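Participant: Under my numbering, think of the first position of the sequence shown as 1, with each following residue one higher. Sharing a structure with you now.
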Amino acid sequence: MSILFSPSTIRSVTFRNRLWVSPMCMYSAVDGVVQEWHHTHLAQFASGGAGLVVAEATAVVPEGRISPRDAGLWNDEQRDAWAPVVQAIHDRGAQAGIQLAHAGRKASTWWPWAADRGSVPASDGGWTTAAPSAVAFEGFAEPVALDAAGIEEIVAAFTASARRAVDAGFDVIEIHGAHGYLLHQFLSPLSNLRTDEYGGTLENRARLLLRVVDAVRGEVGADVPLFVRISATDHAPGGFDAQEATSVATWAEEHGADLIDVSSGGLVAHQQISVFPGYQVELSETVRQGGRIPTTAVGLITAAAQAEQVLVEGRADAIFAGREWLRDPHFALRAAHELDAEVAWPPQYERARWR
Numbered sequence: 001m002s003i004l005f006s007p008s009t010i011r012s013v014t015f016r017n018r019l020w021v022s023p024m025c026m027y028s029a030v031d032g033v034v035q036e037w038h039h040t041h042l043a044q045f046a047s048g049g050a051g052l053v054v055a056e057a058t059a060v061v062p063e064g065r066i067s068p069r070d071a072g073l074w075n076d077e078q079r080d081a082w083a084p085v086v087q088a089i090h091d092r093g094a095q096a097g098i099q100l101a102h103a104g105r106k107a108s109t110w111w112p113w114a115a116d117r118g119s120v121p122a123s124d125g126g127w128t129t130a131a132p133s134a135v136a137f138e139g140f141a142e143p144v145a146l147d148a149a150g151i152e153e154i155v156a157a158f159t160a161s162a163r164r165a166v167d168a169g170f171d172v173i174e175i176h177g178a179h180g181y182l183l184h185q186f187l188s189p190l191s192n193l194r195t196d197e198y199g200g201t202l203e204n205r206a207r208l209l210l211r212v213v214d215a216v217r218g219e220v221g222a223d224v225p226l227f228v229r230i231s232a233t234d235h236a237p238g239g240f241d242a243q244e245a246t247s248v249a250t251w252a253e254e255h256g257a258d259l260i261d262v263s264s265g266g267l268v269a270h271q272q273i274s275v276f277p278g279y280q281v282e283l284s285e286t287v288r289q290g291g292r293i294p295t296t297a298v299g300l301i302t303a304a305a306q307a308e309q310v311l312v313e314g315r316a317d318a319i320f321a322g323r324e325w326l327r328d329p330h331f332a333l334r335a336a337h338e339l340d341a342e343v344a345w346p347p348q349y350e351r352a353r354w355r
């Protein structure tokens, strides 16, 4: 039997398989409100057989958006716009997740296909960014260092957004602690130069992430799976590394996280990263520690046999993919065919089923 197409259960949620859709920013929201694009974009993956569809990085405050076009969940209008998207995913047999995020010093930037690059000026709808320290991401505007009150507001914002996510029907909450965004900025000594209780030692640098995990777990209760995405290495000398990531993952699990979504990079500009098929799987394996901490692997996983082998070898508990789902929204149905796994097809697609 294929492990990739075996069901898995986390807390009260059962996933029909272990081939999941990674959160991918669409830069297509209006004032943080998702549009018809998001509905069609995310529902298609559920039709294509995904076990879990995780919506894009969704800002917990307006100032936490990567760009002015990012999705948000800081008000009830945004919650209500997400609800039919979640229902569409459920109607097609998949579970729905959302990644709650704050971009920190990498906020207020132009979307990828804009003519400009770098920080969006206030005259074009941009804003002043916040970070653990007043250290700019290369090419971006300098942020303001968060004070104690600002940190409290961040924790409260993640908590309130988590409540709205559950009320909108999401089955899984993921906290974004990776890719150089705010919680990762606190984790890395390259961006966190603080000398208070949130800086210096790894325990201090991890304090905000763990406070958010505590607060979100307390808000959503015991039934909701809680994931944490981390960058297990900064790919830069003196940065956050796999050993520190393993410690943070252990602590996150102790504070109520159920699974660590292991990625990498994003903290500094112009990183030299060696990219190849499955290039982050080793990091997932390291954090997983022989099964002590459930993890997912992500990063150029594009083939059924490749994904299956990662699970067979015990290097992860599930697979996240992004670009391959964009190329083929029916990736799971194709992968099941290639692995000779029996899965339920949408009845509307039955005529196209491989025999």
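Even for Gly, the Cβ is constructed at its ideal location relative to N, Cα and C. Since the structure is predicted, the reported quantities are computational estimates derived from the model, not experimental observations.
Any idea if Trp74 is buried or exposed, counting beta-carbon neighbours within 10 angstroms, 16 or more meaning buried?
Facilitator: buried
Participant: Give the straight-line distance between the Cα atoms of Val60 and Arg117, rounded to the nearest whole angstrom.
Facilitator: 24 Å
Participant: So Ile66 and Ala107 are in contact, right, with Cβ under 8 Å, and what is the actual spacing, rounded?
Facilitator: 6 Å
Participant: Please work out which residues of its chain come closer than 8 Å, Cβ to Cβ, to Gln87, disregarding the five sequence neighbours upstream and downstream, and give them in chain order.
Facilitator: Gly169
Participant: Using a Cβ-Cβ cut-off of 7 Å (strictly less than) and excluding sequence neighbours within five positions of Met26, which residues of its own chain qualify?
Facilitator: Hits under 7 Å: Trp37, His38, His41 and Glu56.
Participant: In the DSSP assignment, the alpha helix (DSSP H) including Ala344 goes from what residue to what residue?
Facilitator: No alpha helix (DSSP H) contains Ala344, which DSSP labels as neither H nor E.
Participant: Please report the distance separating the alpha-carbon of His255 from that of Asp214.
Facilitator: 6 Å
Participant: Would you identify the three-state DSSP class for Ser12, choosing helix, strand or coil?
Facilitator: coil
Participant: Over what stretch of residues does the beta strand (DSSP E) that includes Ile273 continue unbroken?
Facilitator: Careful: Ile273 lies outside any beta strand (DSSP E) and carries neither H nor E.
Participant: Can you grab the Cα-Cα spacing for the pair Ala94 / Thr14, in whole Å?
Facilitator: 10 Å
Participant: Kindly indicate the opening and closing residues of the alpha helix (DSSP H) around Gln306.
Facilitator: Ala304 to Val312
Participant: What do you reckon, are the CB atoms on Pro143 and Ala131 nearer than 9 Å?
Facilitator: yes
Participant: Which same chain residues, not among the five before or five after Ala304, have their C-beta less than 6 Å away from its C-beta?
Facilitator: Ala335, Glu338 and Leu339
Participant: Could you name the residues of the same chain whose beta carbon sits closer than 8 Å to that of Gly200, not counting the 5 residues immediately before and after it, in chain order?
Facilitator: Answer for Gly200: Arg194, listed in chain order.
Participant: DSSP state of Val224, grouped into three classes?
Facilitator: coil
Participant: What's the call for Gln280, buried or exposed, on a 16-neighbour Cβ count within 10 Å?
Facilitator: Burial state of Gln280 is buried, judged by a 10 Å Cβ sphere holding 16 or more other Cβ atoms.
Participant: In angstroms with no decimal places, state the Cα-to-Cα distance between Phe5 and Phe45.
Facilitator: 15 Å
Participant: Report buried or exposed for Arg18, applying the criterion of at least 16 other Cβ atoms within 10 angstroms of its Cβ.
Facilitator: buried
Participant: To the nearest angstrom, how far is the alpha carbon of Asp80 from that of Ala71?
Facilitator: 13 Å
Participant: Going by DSSP, what residues sit across from Val34 in a beta bridge?
Facilitator: Val34 is not bridged to any residue.
Participant: Check whether the Cβ atoms of Leu202 and Val262 lie closer than 9 Å to each other.
Facilitator: no
Participant: Mind checking whether Leu226 and Val155 have CB atoms under 9 Å apart?
Facilitator: no
Participant: Asp234 to Ser8, Cα distance in whole Å?
Facilitator: 31 Å
Participant: Please classify Gly278 as buried or exposed, where buried requires at least 16 neighbouring CB atoms within 10 angstroms.
Facilitator: The residue in question, Gly278, is buried, as its Cβ has 16 or more Cβ neighbours within 10 Å.
Participant: Going by beta-carbon coordinates alone, are Leu283 and Gly180 separated by less than 9 Å?
Facilitator: no
Participant: To which residues does DSSP link Trp20 through a beta bridge?
Facilitator: Phe320
Participant: Could you spell out where the alpha helix (DSSP H) holding His330 opens and where it closes?
Facilitator: Per DSSP, His330 belongs to no alpha helix (DSSP H) and is neither H nor E.
Participant: By Cβ distance below 6 Å, which residues in the same chain neighbour His90 in space, the five residues on each side in sequence not counted?
Facilitator: none
Participant: Under the three-state reduction of DSSP, which class applies to Ala81: helix, strand or coil?
Facilitator: helix
Participant: In the DSSP output, what is Ile230 paired with across the bridge?
Facilitator: Beta-bridge pairing by DSSP links Ile230 to Gly177 and Val262.
Participant: Just mark Val224 as buried or exposed, buried being the case when its beta carbon has 16 or more other beta carbons within 10 Å.
Facilitator: buried
Participant: By the DSSP assignment, the alpha helix (DSSP H) with Glu254 in it spans what residues?
Facilitator: Membership of Glu254 in the alpha helix (DSSP H) is indicated by the continuous run Ala242 to Glu254.
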